[in-house]
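Student: Got a structure here, written out as structure tokens. Questions coming.
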Amino acid sequence: MDVPLNLEDCDPRFPEMLALEPGCGHLWRCVGCGTCTALCPVSAVNPEFSPGLILRQVLLGLKREVLAAPLLWQCARCARCSYFCPQEVRFVDIIQALQRLAVEEGYLPPEVARRVEEAEALLARLRQRTLERLTAPGTGALSPREVLSRTLREMDPEHEGD
Amino acid sequence: MALITPLTRATSSRILVVGGGIAGLQAALDLAELGFPVTLAEQGPSVGGLMAQLDKTFPTHDCAMCILSPRMLEVARHPLIEILTLTRLATLTGEPGDFIATLSRRPRYVVLERCSGCGECTRVCPRSLPDPFNLGLSRAKAIRVPFPQAVPQAAVLDPGACRHFQGRPCRACVEICPAGAVDLSQEPETLVRRVGAVLLTCGLAPAPLGDFPGATLPGVLTSLQFERLLSATGPTGGRVVRPGDGAPIRRLGFLQCVGSREPERGAPFCSSHCCLASLKEAVLAAELGPPGLESVIFAMDLRAPGKGQEAYLERALARGVRVIRSRAAAVEPRPNGGVAVLFTDLHGRRGEMEVDLAVLALGQRPAAAFPELARRLGLPLGPGQYSASPGVEPWETLRPGIWVGGAAREPGDITDSLLSAAAGAQAAATLLALAPRPSLTPAKMPPPAAATAGPPRIGVYLCHCGTNIAKTIDLSRLAEHVRGLPGVVWAADPLFACSADATRQLAQAIGEHHLTRVVVAACTPRTHEAVFREVLLQAGLNPGFLCFANLREQCAWVHQNDPEGALQTARDLLAMAVRRAWVVPPLEVHAFPVIPRALVIGGGPAGLTAALALADQGFHTYVVEREAQLGGMARRLSYTLEGTDPRRLLQDLEAAAYGHPNVEILTGAQVAEVSGQVGRFRSRVRRQGGREVVLEHGVVLLATGGREFRPEGRFGYGQDPRVLTQLELEERLAGEDPELHRACQVVMLQCVGSREPGRPWCSRLCCSHALKNAILLKRRRPGVEITVLYRDLRAYGRREVYYQEARELGVQFLPYDPGRPPEVSLPRKRPLRLRVWSELLQREITLTADLVVLSAGVEPHPGGAEAARLVGTPLSPEGFLQEAHAKLRPVETVVEGVFLCGLAHSPRSLEEALTQAEAAALKAAALLARPAILSGELYARVEEAHCRRCLTCMGVCPYHALRLGPTGRPQVVLEACRGCGLCATVCPARAISLSRATETEILAQITAILEV
């Protein structure tokens, strides 16, 4: 980005506001060490997603940039970041608070947020069933990809029934 | 400030030092030099501590063992020091000056007095276990000498591993021991000592690995294991290969902060030493490893804040060591046996780097014994189980008469440990200054040289050293040969020449056979020359008439597979030693009187502390201060990070100094000339108004201080009043300046006048200073926005806690790249504007500020260079005073009798300056307490008749031990001469020779070997 970032245009109250959300109290402790990003399974797949970078942006008060970013919805909520953070910063709580704020403040329509939640639930079920199938005896020589797409196909009507 | 008053009634002057690592060893030596008897209790089987396991030390690359082991031996030899190994302090009752210490000693199962450390028991022991000395990287036996240079040099049996103690019928070691030293029936003992004071130097332990992901993979070592791997005495003999599969190492990863800077895991502090240790290990690995070996250090901040450390970092980077600014979060296995390090790059993206070996730079904790001991003694502990001291002096404890030193108060490196232990020792010495000390046996005067008329009568003692020498060299054949050498009238070959029995026989032989020279062919003179010199002395022979031949290390061990060749070499070595014995000169030691007074140059907190310490020990001390007022740079301080009041401290120091009968203060005065030498200096001091006084004193302490760099013209300093330095901000904070209340946005800029061309050193204090001022501002007005622009935040040791506090208070920390420094613009009527490049966000950030605070570096006071010139001691490349050895002699200079402390040495905090001042006072006191200064046995002599007055020698002498005499020829100042021999080698007229190792001796040996 070539445009200089003017800290005057940032919202210094943004981190203060966020710190009041449940589990976000240690936000200020972040020392920018990068442990969260290094261990994040989502970052391993999508290098654009960086918990450490999001935290820095929050601390600098880059409210709009953070809340409007689609990346905000990529977190898998595995909480590795929070378990290993040497400063007790709970990113898993912080990102969920950020997601709430994004909806509350109109950065993401509530309808979309609901669909994201649905997709998360679907993914969780898909994961569970795929792994069940792969580890069941007599699965044969099906590749994981095939198992996955079969499971998804079979889940379709079930999903409609929910 | 707690001033210690010497006890008028102390029953015992004995000082108990708990812990025999480098800090305890040095403190014991210093105290013994002052005449205090010392009991050194070490819980392990040897003294030496953790330093014994290090390969080379930072930053000098000295072999750690080579600089440690002479101190271990010196302690072992000192008549006032008692070493108790395998011993812990159980209880302490009574009061300062009259404690009863109960010590419990575990059985060694080896009788110390009999064991010579020959190693036979180890050879036959059937039981092996992972070697604790090599941290499990090699195997060791259940009975063994802990490491080759162990003191005491004796075996120890590990009952946890020994077959006998597991109920199996094994007595192999008992049966083989030629000295009958193994005793399996030993029981634990309780020893009682009456002591006046206690110094706890329990040392440190590496932090636990915790749950670091991947820590137990085969491609991962801890930093201490890696030290063993680098060491020539380590498991691979110093070859840098991966343990286990022996794979070559092309890339090494050093993972910093494992067990440090983790409040979550009970380590809210920085361990201080690890960044430097990894830098050193990376450089050493590049020297020892295959060409092209690459090292990558993963560190959040590379902390090199001490003297010379930044320069080392620069050198390491220039040699290709890479630093990646991230905490490495985990290691994952890779199929080739290496590992991948997971980290986050500068742009905030997840990164992976494959390395052949990952080194976890483990932080430090107090040794496990310390918290437990502290609880038994009723001493409170602070965060991380470190000692909590009540005041500004970190060596203090809540219990009078007990001090802590070394790594028990705060993480630090070897030098920090030495200094704090010395400060604790100094406090103990002050407390017991009036206690009766054992009357020192008068300085040992060598007896008059035995009549040298007629040919010498030489006796030769050939040691079997158990089987160490005898199994390779046929000593009966050697003895036969030796008896035929010219001058030899007696020869014998005892099993252990150093045993009590054998030394008695040697003394008898000297009398019976009228021996005038003795040759001992045994192990190394480094450990045993002193033993045999003592024998000669007792038999009435000058100890200089002893000549040593090292048959063990220099012959038997290296030629184990060639007994015939070994015998031939042994004959050569003995021919040389015998021929040298013909011409070897006697030992002559000269004694010089000491003026028991001190001169301290500089009246800041360091100078005043040192002066009071010396005065309390009874030495009259002059303090010369060039300003009209005492206090130096500390006068500008109003707060400390820890919350103590520096103004109060300074007031107390001044009041104590002015009120002390032994302190004489000369303000508005400058030293104009220093002449004389150690023990007898004479200084001309010019006072205001031109009056001069002449002072005579035995030692000089340089405490000339430092000052804040004035960044004139930098970032608008001097042009706009809204740009100021940290000290100026502190002064305004203290003055409740109303201007400050209008400031809503403050930007602090680090490393102004530090770590840059022309001023390359790190000023150490500025990061802490910024934290201190930011916290003060935030506490007063939480609404003020503070941004700190920094390069590496060097909040070492406990300062890390304040770094965290500042962040929690909402202070923003933004790193900047020195290649793209921030720019400040100074609009007249609007707030100041700064532009800075953020590598993380990949864009420029602009900030507005009502105040820009420059963290200006620290520079030496120009008075330091003047004083250095007067006493003839060198300056460091940065212009600070140069200490004698960066690691182990931090308060001495190369000029005997001249010491240094405080900012004159390097930038340091108030607390650190006081610590160093106490340490300097201890060293100075040891010198002043001597009845006389003895010259070394080795010194230069000028043959006046041959001297051509070229004075080349005076230019090369590093110790200023050559002075121009009345005839215009150089004269040797014997008290200052260290016998290095530089002058002798440069003298074109060969007019200078050494008192020993003379040309005659060397030529005699060469002739002998050519004749054989």
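Which chain is which? The protein sequence lines are A and S, in order. Using the working numbering, you'd call the opening residue of the first sequence number 68 and step up by one each time. Using the working numbering, you'd call the opening residue of the second sequence number 423 and step up by one each time. Where a beta carbon is used, it is the ideal one built from N, C-alpha and C, also for glycine. Quantities reported herein were computed from a predicted structural model and do not represent experimental measurements.
(1) Let's see if you can read the secondary structure: which residues bound the alpha helix (DSSP H) around Arg-948 (chain S)?
(2) Which bits of chain S does Gly-119 (chain A) rub up against, with CB to CB less than 7 Å?
(3) Look up Trp-912 (chain S) in the DSSP assignment and give the residues it is bridged to.
(4) Kindly say whether Cys-91 (chain A), judged by its beta-carbon, lies nearer than 8 Å to any beta-carbon of chain S.
(5) What is the rounded straight-line gap between the Cα of Pro-118 (chain A) and the Cα of Cys-107 (chain A)?
(6) Looking at Gly-1120 (chain S): is its Cβ nearer than 8 Å to the Cβ of Gly-1319 (chain S)?
(7) Hey, Arg-974 (chain S) and His-903 (chain S) are a contact pair by Cβ (cut 8 Å); roughly how many whole angstroms apart?
(8) Against chain S, with Cβ distances strictly below 8 Å, would Val-70 (chain A) count as a contact?
(9) Give me the chain S residues within the contact set of Val-133 (chain A), using Cβ-Cβ distance strictly less than 9 Å, ordered along the chain.
(10) Looking at C-alpha atoms only, which residue of S:Arg-664, S:Thr-1062 and S:Thr-507 is the closest neighbour of Leu-447 (chain S)?
(11) At 3 residues or longer, and completely inside the stretch 995-1061 of chain S: list those beta strand (DSSP E) runs for me, N to C.
(12) Based on Cα-Cα distance, which residue from S:Tyr-1218, S:Pro-833 and S:Ala-796 lies nearest to Thr-819 (chain S)?
(13) What do you get for Ile-522 (chain S), buried or exposed, if any count of 16 or more other CB atoms within 10 angstroms of its CB means buried?
(14) If we count Cβ pairs, one from each stretch, closer than 8 Å, do we get three or more for the stretch 993-1002 of chain S versus the stretch 966-982 of chain S?
(15) Please name the residue in S:Leu-613, S:Leu-651 and S:Ala-751 whose C-alpha comes closest to that of Ala-637 (chain S).
(16) Would you check if the stretch 454-461 of chain S and the stretch 499-519 of chain S touch, i.e. whether three or more CB-CB distances between them fall below 8 Å?
(17) Output needed for Arg-1136 (chain S): all residues of its chain with C-beta closer than 8 Å, excluding positions within five of it in sequence on either side, in chain order.
(18) CB-CB under 7 Å to Met-68 (chain A), same chain, minus the five flanking residues each way: which ones, in chain order?
(19) Can you find a C-beta in chain S that's less than 8 Å from the C-beta of Arg-123 (chain A)?
(20) Should Leu-243 (chain A) be flagged as near chain S, meaning a C-beta pair shorter than 8 Å?
(21) Can you find a C-beta in chain A that's less than 8 Å from the C-beta of Gly-675 (chain S)?
(22) Under 8 Å by Cβ, that's how I've got Val-1011 (chain S) and Leu-1356 (chain S) pegged, so tell me the actual separation to the nearest angstrom.
(23) Starting from Ser-110 (chain A), find everything on chain S with Cβ-Cβ shorter than 9 Å and list it in chain order.
(24) Can Phe-1235 (chain S) and Arg-1242 (chain S) be called in contact, C-beta distance under 8 Å?
(25) Contact criterion: CB-CB distance below 8 Å. Does Leu-1263 (chain S) meet it with respect to chain A?
(26) Quick check on the burial criterion: 16 or more other C-beta atoms within 10 angstroms. Buried or exposed for Ala-865 (chain S)?
(27) Can you check whether the CB of Cys-887 (chain S) is closer than 8 Å to the CB of Cys-977 (chain S)?
(28) Mind checking whether Lys-563 (chain S) and Ser-1328 (chain S) have CB atoms under 8 Å apart?
(29) Report yes if the C-beta distance between Cys-599 (chain S) and Cys-543 (chain S) is below 8 Å; otherwise report no.
(30) Does Ala-164 (chain A) come within less than 8 Å of chain S when only Cβ atoms are used?
(31) For Ala-169 (chain A), which three-state DSSP category applies?
(32) Could you check the C-alpha separation between Gln-1110 (chain S) and Leu-1360 (chain S) for me, to the nearest Å?
(33) Give the residues of chain A in contact with Gly-1232 (chain S), contact being defined as C-beta atoms less than 7 Å apart.
(34) For the stretch 721-744 of chain S, enumerate the residues whose C-beta is nearer than 7 Å to any C-beta of chain A, in chain order.
(35) Based on Cα-Cα distance, which residue from S:Ala-627, S:Val-814, S:Val-440 and S:Leu-840 lies nearest to Lys-1309 (chain S)?
(36) Pick out the complete beta strand (DSSP E) segments inside the stretch 623-678 of chain S, 3 residues or longer, and give them in chain order.
Tutor: Result, derived from the coordinates:
(1) By 1-based counting over the second sequence, the position of residue 948 (chain S) is 526. Counted as a single uninterrupted DSSP element, the alpha helix (DSSP H) harbouring Arg-948 (chain S) occupies residues 947-960.
(2) For the purposes of this step, residue 119 (chain A) is taken as residue 52 along the first sequence, with counting starting at 1. Around Gly-119 (chain A), the beta-carbon contacts reaching into chain S at under 7 Å are Thr-766 and Gly-770.
(3) Here residue 912 (chain S) corresponds to residue number 490 of the second sequence, with the count starting at 1. Answer is S:Gly-881, bridged to Trp-912 (chain S).
(4) Translated into positions along the first sequence, residue 91 (chain A) becomes position 24. No, its Cβ sits nowhere closer than 8 Å to a Cβ of chain S.
(5) Taking the first residue of the first sequence as 1, we reach residue 118 (chain A) at position 51. Taking the first residue of the first sequence as 1, we reach residue 107 (chain A) at position 40. When rounded, the separation of the alpha-carbon atoms in Pro-118 (chain A) and Cys-107 (chain A) is 8 Å.
(6) In the second sequence, residue 1120 (chain S) corresponds to position 698, counting from 1. In the second sequence, residue 1319 (chain S) corresponds to position 897, counting from 1. Yes, Cβ-Cβ distance for Gly-1120 (chain S) and Gly-1319 (chain S) is below 8 Å.
(7) Taking the first residue of the second sequence as position 1, residue 974 (chain S) is located at position 552. Taking the first residue of the second sequence as position 1, residue 903 (chain S) is located at position 481. By a beta-carbon distance limit of 8 Å, Arg-974 (chain S) does not contact His-903 (chain S). Their separation comes to about 18 Å.
(8) Within the first sequence, numbered from 1, the residue matching residue 70 (chain A) stands at position 3. Val-70 (chain A) counts as touching chain S.
(9) In the first sequence, counting from the first residue as 1, residue 133 (chain A) sits at position 66. The contacting residues do not exist; Val-133 (chain A) stays about 12 Å from chain S at best.
(10) Here residue 447 (chain S) refers to the residue found at position 25 of the second sequence. Checking every option, the nearest Cα to that of Leu-447 (chain S) belongs to S:Thr-507.
(11) Counting whole runs of 3 or more residues, the stretch 995-1061 of chain S contains the beta strand (DSSP E) stretches 1019-1023 and 1042-1046.
(12) As a first step, residue 819 (chain S) must be located in the second sequence, where it is residue number 397. S:Ala-796 is the residue among S:Tyr-1218, S:Pro-833 and S:Ala-796 whose C-alpha sits nearest the C-alpha of Thr-819 (chain S).
(13) Taking the first residue of the second sequence as position 1, residue 522 (chain S) is located at position 100. Its Cβ having fewer than 16 others within 10 Å, Ile-522 (chain S) is exposed.
(14) The stretch 993-1002 of chain S and the stretch 966-982 of chain S touch, with no fewer than 3 CB-CB distances between them shorter than 8 Å.
(15) Start at 1 with the first residue of the second sequence, and residue 637 (chain S) comes out as number 215. Of S:Leu-613, S:Leu-651 and S:Ala-751, the residue nearest in Cα terms is S:Ala-751.
(16) Taking one beta carbon from each stretch, the stretch 499-519 of chain S and the stretch 454-461 of chain S have 3 or more pairs nearer than 8 Å; the two touch.
(17) Counted from its first residue, the second sequence places residue 1136 (chain S) at position 714. Once the five neighbours on either side are set aside, the close Cβ partners of Arg-1136 (chain S) are Val-1174, Gly-1175 and Leu-1276.
(18) Mapped onto the first sequence, residue 68 (chain A) falls at position 1. Caution is warranted here: a pLDDT of 48 is assigned to Met-68 (chain A), below 50, making its placement in the model unreliable, and the coordinate value is therefore given only provisionally. The answer is none, since no qualifying residue turns up.
(19) By one-based count along the first sequence, residue 123 (chain A) stands at place 56. Judged by the 8 Å Cβ criterion, Arg-123 (chain A) is in contact with chain S.
(20) The requested residue 243 (chain A) is not part of the displayed model; chain A covers only 68 to 229.
(21) Counting from 1 along the second sequence, the entry for residue 675 (chain S) is found at position 253. False, the Cβ-Cβ gap to chain A never drops below 8 Å.
(22) The sequence position of residue 1011 (chain S) within the second sequence is 589, counting from 1. The sequence position of residue 1356 (chain S) within the second sequence is 934, counting from 1. About 5 Å separates the two Cβ atoms, so the contact holds.
(23) The count along the first sequence starts at 1 and reaches residue 110 (chain A) at position 43. Correct list: Thr-766, Arg-771 and Arg-772.
(24) Looking up residue 1235 (chain S) in the second sequence gives position 813. Looking up residue 1242 (chain S) in the second sequence gives position 820. Taking a C-beta distance under 8 Å as the contact criterion, Phe-1235 (chain S) and Arg-1242 (chain S) do not qualify as a contact pair.
(25) Locating residue 1263 (chain S) in the second sequence gives position 841, where the first residue counts as 1. So, interface residue.
(26) Within the second sequence, residue 865 (chain S) is the residue found at index 443, counting from 1. Bear in mind that the predicted position of Ala-865 (chain S) carries a pLDDT of just 45, short of 50, making it too unreliable to give a figure here.
(27) Reading the second sequence from its first residue, position 555 is the one you call residue 977 (chain S). Reading the second sequence from its first residue, position 465 is the one you call residue 887 (chain S). The answer is no: Cβ separation not under 8 Å.
(28) Taking the first residue of the second sequence as 1, we reach residue 563 (chain S) at position 141. Taking the first residue of the second sequence as 1, we reach residue 1328 (chain S) at position 906. Between Lys-563 (chain S) and Ser-1328 (chain S), the C-beta gap is not smaller than 8 Å, which leaves the two residues out of contact.
(29) Indexing the second sequence from 1 puts residue 599 (chain S) at position 177. Indexing the second sequence from 1 puts residue 543 (chain S) at position 121. Yes, Cβ-Cβ distance for Cys-599 (chain S) and Cys-543 (chain S) is below 8 Å.
(30) Taking the first sequence and counting its residues from 1, one reaches residue 164 (chain A) at position 97. Closer than 8 Å: no.
(31) For the purposes of this step, residue 169 (chain A) is identified with residue 102 of the first sequence, where counting begins at 1. DSSP places Ala-169 (chain A) in helix when its eight states are reduced to three.
(32) Here the question's residue 1110 (chain S) lines up with position 688 in the second sequence. Here the question's residue 1360 (chain S) lines up with position 938 in the second sequence. The alpha-carbon atoms of Gln-1110 (chain S) and Leu-1360 (chain S) are separated by roughly 44 Å.
(33) Reading the second sequence from its first residue, position 810 is the one you call residue 1232 (chain S). Going along chain A in sequence order, the residues near Gly-1232 (chain S) (Cβ under 7 Å) are Trp-95.
(34) Residues passing the 7 Å Cβ filter: Met-722.
(35) Within the second sequence, the letter at position 887 stands for residue 1309 (chain S). With distances taken between Cα atoms, Lys-1309 (chain S) lies closest to S:Leu-840.
(36) Here the runs fully enclosed are 626-628 and 642-644.
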